[in-house]
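Whatever position you read off the sequence shown (first residue = 1), add 530 for my numbering.
Yeah, the Cβ is synthetic: ideal placement off N, Cα and C, and Gly gets one too.
Heads up: the structure comes next, in structure tokens.
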Amino acid sequence: IIVRIYPFASSVELLSSHDDVIITPSTVPLYEELSETIEIVDGVGSTAQAVYDIISTDYQDDDMGNISHKGTSITTEINGTTLLNITYTTQFHELLLTAQDAEKIQVYLED
């Protein structure tokens, strides 16, 4: 089983309720390029995953100026309503879970 953990954090501890689970984390952060159309309302919208870096943007309707981002939140320079095509990279951890005698595995993040 491969598990992806979003948003990226500098360290993650994943635990399991099953005793014989082996958790193998990736040794480096992984990145994925995503494209989506998001709704901007009153100058604010959100992406499906946390934005690491914006690759490109294109307003479908009214141009709301420059864009800033924090996590999944997108904010436009001009307060308004429009649709935004955005391509961005997201950063995540990927872990491999293996268990000899389990068909289903419960995992959870340690705070």
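Taking contact to mean 3 or more Cβ pairs, one atom from each stretch, closer than 8 Å, check whether the stretch 575-585 and the stretch 551-558 are in contact. no
Where the beta strand (DSSP E) containing Gln621 begins and where it ends: Thr612 to Ala629
With distances taken between CB atoms, is the gap from Leu614 to Tyr582 smaller than 8 Å? no
In this structure, what does DSSP give as the bridge partners for Ser556? DSSP lists no partner for Ser556.
In this structure, what does DSSP give as the bridge partners for Ile584? Tyr618
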